[in-house]
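Asks:
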DNA sequence: CATTCCAATGCAAGCGATTGCATATTGTTT
DNA sequence: AAACAATATGCAATCGCTTGCATTGGAATG
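Protein chains in written order, with my numbering: chain D, 1 to 359; chain W, 1 to 359.
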């Protein structure tokens, strides 16, 4: 078990208490120092208004600012202008490894444009999503990126009613209320099914994700469409109760017990790993007895035994695109029409898929 | 999906100045609605000052506020009070899977106390850490949590000079300038070495992390101490150039080519996985030929072949502790003495360790 | 040379919430 | 019953920055 130890022996130096407020430099102080009015300093320091000020003065102001260590107070600016250059990101669960790269892509793109990222994790126990949104909006965020959207989502509506620009990422919403950046889930499933069919599989099952999430819904849809396109029977399909290994194991077990298949396409890597476990529990092996395909290309799945064949999604790029779309939305005075950006996935062929046994 | 806007339409849209601002409710509006002064509303809504106001009025105010959908403007509050209830978190690399759980623990703990989390990722190309810190401080954060600290770190000094409370997490800093929450790295290595020795290993090598990070330095130190405690020869030791699979593979390869060992303790799970690869490349197998122990217990390492024996660290708890320590630091008027909180790791024994071959 | 115009800078009014102080309204004491 | 205390509420200044408007001086124009 884990024990906490407050290590008395190790606290060494007192932090010298600095009278914090005394060292805060304001615009007015820079103005005094440079011998101009504070409004001139403001304009000289802002690239968009700098052209109004004589070059010589700009230089003087910038020198003073640097020497005094001036740092603009963003709260004051935010209060005055009504914009915070802050974007809120709502995540369904920080512990799910797909969201870290999305977040990374978002922060990188936002940072480049001078925006900050404030995050909220809806995956905590006893946390109300609407309260999270409320708090983000209360912090004057200029926009929100939601990675949590269900197919019909009223938190999206709440944001729109509040006039806050919203972009969805990874999961789309089907009422067309907000823009979204997603992977082409149907296409991803088609890649998986095509690959299996080419190997000779005819009986291919699907472990589906939750149907109220666009990923679960559309991947299932994509699976069905691809099977039909090949003239193969659709099913069996088992819906997992969550995107987790445990749920995947249960669903795969039910699927295997129900019908003999030579391959399983899972809606998600974790579900695929659950299927590995279900196979092991039944003394079956992958890919000899059953081929398995995942979705997402999570870290480390290439090192499993067997290495997982999976549909790769560039989560980082997804986050970047979402951030860029949101910024355009924020800067467009009358709001942009909702639009979807669909990224193309690719298939990573590894060891978990092989030709079916010639019986 | 994409709608083009005519010039005329755009012109009109721009003239209607306030499509969004119209719905923002301020304290004063609530005051008018409730028939009291705005200062009364402020006091009634703030739990700490609520006692000054008659219960009946408090009720009336709260009803009005709710009905109008009042949401406090945190920029205004921040400007007035000089505190933002915002904490900055600096991550070395969002793509490293250990940091997501740390971040999750931080946000959960901060959220519970009404604080927001603003993140910055130093792992981007071409991003200066000091600029990140500058920008966070400019946003009036009340404190910072750094997961990036080197053993001797001047960004920490920069924060302290600015009078911003700082707490380090995962990686400590050795000059005692700031508090830190870390795992007991020496102890973790002792657990690993003890386990191997108990299995009968005598020749145990170490793949070390970077010596300028406390994790790399102290784990190596812990390994050496544990070996000496058992009266075993220290080494061979190979220092990896980064915490990555590739670096681990290279280091493990050099180690194996240099000296015959029956076990390897890696400073990190990714390094351990690199060692897996190096073993494979040499036709050796784990644990038959060489036992391997990792550090961190990353997701999925239990599903590898063989499942990785590793030192588990509760990253989530680490984040939570760091957040709590920071909040105490913020609320302590004269600043808290720097202190380290050391969490105890546990050993997860899995399939990558076994008794050495009896030759 | 007078007039107009433009560019550069100063002035001052806020943005919305907090809080020390003043004031009003009770209740309590002598 | 007068004086006082205590409690509840109102008043107004303030936090630091931005920006519409006023002002100035000098260049361009007629």
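For each residue, glycine too, the CB sits at the ideal point set by N, CA and C.
Here the structure is a predicted model, which means the values were calculated and not measured.
If the cut is a Cβ gap below 9 Å, which residues of chain W does residue 100/D touch?
Replies: Near residue 100/D (Cβ distances below 9 Å), the residues of chain W are 94, 95, 96, 97, 99, 100, 103.
Asks: Can you tell me where the alpha helix (DSSP H) holding residue 78/W begins and where it ends?
Replies: Unbroken alpha helix (DSSP H) run through residue 78/W: 74-81.
Asks: Based on DSSP bridge pairs, tell me the residues matched to residue 116/W.
Replies: The partner list for residue 116/W (beta bridge, DSSP) reads 86/W.
Asks: On the premise that residue 353/W lies in contact with residue 293/W, defined as a C-beta separation below 8 Å, what is that separation, rounded to the nearest angstrom?
Replies: Indeed, because the Cβ distance is near 6 Å, the residues count as touching under 8 Å.
Asks: What did DSSP end up calling residue 216/W once you bin it into helix, strand or coil?
Replies: In this structure, residue 216/W counts as helix in the three-state DSSP scheme.
Asks: Three Cβ pairs or more, each shorter than 8 Å: is that satisfied between the stretch 293-304 of chain D and the stretch 265-276 of chain D?
Replies: The answer is yes - the stretch 265-276 of chain D touches the stretch 293-304 of chain D, with three or more Cβ pairs under 8 Å.
Asks: Taking 8 Å as the CB-CB cut-off, is residue 303/W touching chain D?
Replies: Yes, because at least one Cβ of chain D sits closer than 8 Å to the Cβ of residue 303/W.
Asks: For residue 251/W, I'd like the list of residues in its chain whose CB is within less than 6 Å of its CB, leaving aside the five on either flank, ordered along the chain.
Replies: Excluding residues within five positions, the ones whose Cβ falls inside 6 Å are 207, 238, 240.
Asks: Quick check: residue 181/W and residue 322/W, are their CB atoms within less than 8 Å of each other?
Replies: Against a cut-off of 8 Å, the Cβ pair of residue 322/W and residue 181/W comes out as a contact.
Asks: Against residue 41/W, what residues of chain D qualify as contacts under a CB-to-CB distance less than 7 Å, listed in chain order?
Replies: Those within 7 Å of residue 41/W in chain D number zero; the least Cβ separation is about 16 Å.
Asks: May I ask which residues mark the beginning and end of the alpha helix (DSSP H) holding residue 195/W?
Replies: Start and end: 185-199.
Asks: Closer than 9 Å, Cβ to any Cβ of chain W: which residues of the stretch 135-151 of chain D, in chain order?
Replies: Correct list: 135, 136, 137, 138, 139, 140.
Asks: I want to verify the contact list: residues of chain D whose CB lies under 7 Å from the CB of residue 300/W, in sequence order.
Replies: What residue 300/W touches in chain D: 300.
Asks: Just to confirm, are residue 188/D and residue 311/D a CB contact at a threshold of 8 Å?
Replies: Contact flag set, yes.
Asks: Closer than 8 Å, Cβ to Cβ, to anything on chain D: give me those residues from the stretch 60-83 of chain W, in chain order.
Replies: Cβ contacts with chain D come from 71, 72, 73, 74, 75, 76, 78, 79, 82.
Asks: Consult DSSP for residue 227/W and reduce its assignment to one of helix, strand or coil.
Replies: Here residue 227/W sits in helix by DSSP.
Asks: Among 280/W, 209/W, 234/W, whose alpha-carbon lies nearest the alpha-carbon of residue 247/W?
Replies: Of 280/W, 209/W, 234/W, the residue nearest in Cα terms is 209/W.
Asks: Counting beta carbon pairs with one atom in the stretch 105-122 of chain D and one in the stretch 54-68 of chain D, are three or more of them shorter than 8 Å?
Replies: The stretch 54-68 of chain D vs the stretch 105-122 of chain D: no contact.
Asks: Any idea if residue 379/W is buried or exposed, counting beta-carbon neighbours within 10 angstroms, 16 or more meaning buried?
Replies: Look at the range of chain W in this structure, 1 to 359, and you will see that residue 379/W is not part of it.
Asks: Applying a beta-carbon distance threshold of less than 7 Å, which residues of chain W neighbour residue 274/D?
Replies: The contacting residues do not exist; residue 274/D stays about 10 Å from chain W at best.
Asks: Should residue 116/D be flagged as near chain W, meaning a C-beta pair shorter than 8 Å?
Replies: So, interface residue.
Asks: Can you tell me which of 95/D, 96/D, 135/D puts its alpha carbon nearest to the alpha carbon of residue 72/W?
Replies: For residue 72/W, the nearest C-alpha among the options comes from 135/D.
Asks: Between residue 79/W and residue 167/D, what straight-line distance do the alpha-carbon atoms span, to the nearest angstrom?
Replies: Whole-angstrom Cα-Cα distance: 29 Å.
Asks: Examine chain W for any beta-carbon lying closer than 8 Å to the beta-carbon of residue 21/D, and answer yes or no.
Replies: With a pLDDT of 39 at residue 21/D, under the threshold of 50, the modelled position of that residue is not reliable, and no figure is offered here.
Asks: Counting only runs that start and end within the stretch 23-57 of chain D, where is the beta strand (DSSP E) found for 3 or more residues in a row?
Replies: Here no run is fully enclosed.
Asks: Is residue 318/W helix, strand or coil when you go by DSSP?
Replies: Note: residue 318/W maps to helix in three-state DSSP.
Asks: Going straight from the alpha carbon of residue 165/W to that of residue 92/D, what length do you get?
Replies: Each residue's alpha carbon lies about 30 Å from the other.
Asks: Residue 105/W: buried (16+ other C-beta within 10 angstroms of its C-beta) or exposed?
Replies: Counting Cβ neighbours within 10 Å, residue 105/W comes out buried, since at least 16 surround it.
Asks: In chain D, which residues lie less than 7 Å from residue 30/W when you measure between Cβ atoms?
Replies: None at all; the shortest Cβ gap to chain D is about 14 Å.
Asks: Compute the distance between the beta-carbons of residue 202/W and residue 232/W, then report whether it is under 8 Å.
Replies: In contact: residue 202/W and residue 232/W (Cβ atoms closer than 8 Å).
Asks: Looking at chain W, is there any beta carbon in it that lies within less than 8 Å of the beta carbon of residue 14/D?
Replies: With a pLDDT of only 31 at residue 14/D, under the threshold of 50, the placement of this residue in the model should not be trusted, and no figure is reported.
Asks: Can you find the residues in the same chain that come closer than 7 Å, C-beta to C-beta, to residue 132/D, ignoring five residues on each side of it along the sequence?
Replies: Within the same chain, residue 132/D has close Cβ partners 90, 120, 122.
Asks: On the three-state DSSP scale, how would you describe residue 206/D?
Replies: DSSP places residue 206/D in strand when its eight states are reduced to three.
Asks: What separation, rounded to the nearest whole angstrom, lies between the Cα atoms of residue 29/D and residue 70/D?
Replies: Spanning the two alpha carbons is a distance of roughly 9 Å.
Asks: Determine the contact status of residue 84/W and residue 124/W, defining contact as a CB-CB distance below 8 Å.
Replies: Contact: no.
Asks: Under 6 Å Cβ to Cβ from residue 319/D, same chain only, skipping five residues before and after it: list those, please.
Replies: Only 102, 105, 106 meet the Cβ criterion.
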